[in-house]
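Report on one structure; see the data block that follows.
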Amino acid sequence: MANHALYICKSCYFSPTQRDYMGERGGIHLLKQLLNLSEKWSLQSEFVIQEVECLSACNRPCVIALTAPNKTSLMFGDLPPLLSSEAILQLC
12 MANHALYICK SCYFSPTQRD YMGERGGIHL LKQLLNLSEK WSLQSEFVIQ
62 EVECLSACNR PCVIALTAPN KTSLMFGDLP PLLSSEAILQ LC
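FYI, the numbering for the sequence shown is 12 to 103, going by the numbering used here.
So this is what it looks like as structure tokens:
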């Protein structure tokens, strides 16, 4: 059972100046890449990757949050949606 959660804001703009890229928000691009990479991820059973409507950090797209029981929750922003997936999984 997963004790850790990685939340991805699916409403995040692609960049501070560009809402969509190829018809989708940046958060959706990031979510899709993370879900794809996580299929072969060694920590897959320990984490749940969950989309959320908004993490209320709209001036810092793209935004993620990490949570776990008895640990400090962390939120990160300014993540390029097409370039951050591998680094996010390494951080986890």
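Heads up, the beta-carbon is just placed ideally off N, CA and C, and yes, glycines get one too.
Residue i - partner residues in DSSP beta bridges
| i | result |
| --- | --- |
| threonine 78 | Ala16 |
| glutamate 35 | Tyr32 |
| glutamine 61 | Tyr18 |
| phenylalanine 87 | Ile75 |
Environment of residue i [buried if 16+ CB atoms lie within 10 Å]
| i | result |
| --- | --- |
| glycine 34 | exposed |
| cysteine 65 | exposed |
| serine 67 | exposed |
Residue j beta carbon less than 9 Å from that of residue i
| i | j | result |
| --- | --- | --- |
| proline 92 | cysteine 69 | no |
| isoleucine 60 | leucine 102 | no |
Residue i to residue j span [Cα, whole Å]
| i | j | result |
| --- | --- | --- |
| glutamine 44 | serine 96 | 6 Å |
| glycine 38 | leucine 94 | 12 Å |
Using 8 Å as the cut-off, can you tell me whether the stretch 24 to 34 makes contact with the stretch 43 to 55, which would need three or more C-beta pairs spanning the two stretches below that distance? At 8 Å Cβ cutoff, the stretches do not touch.
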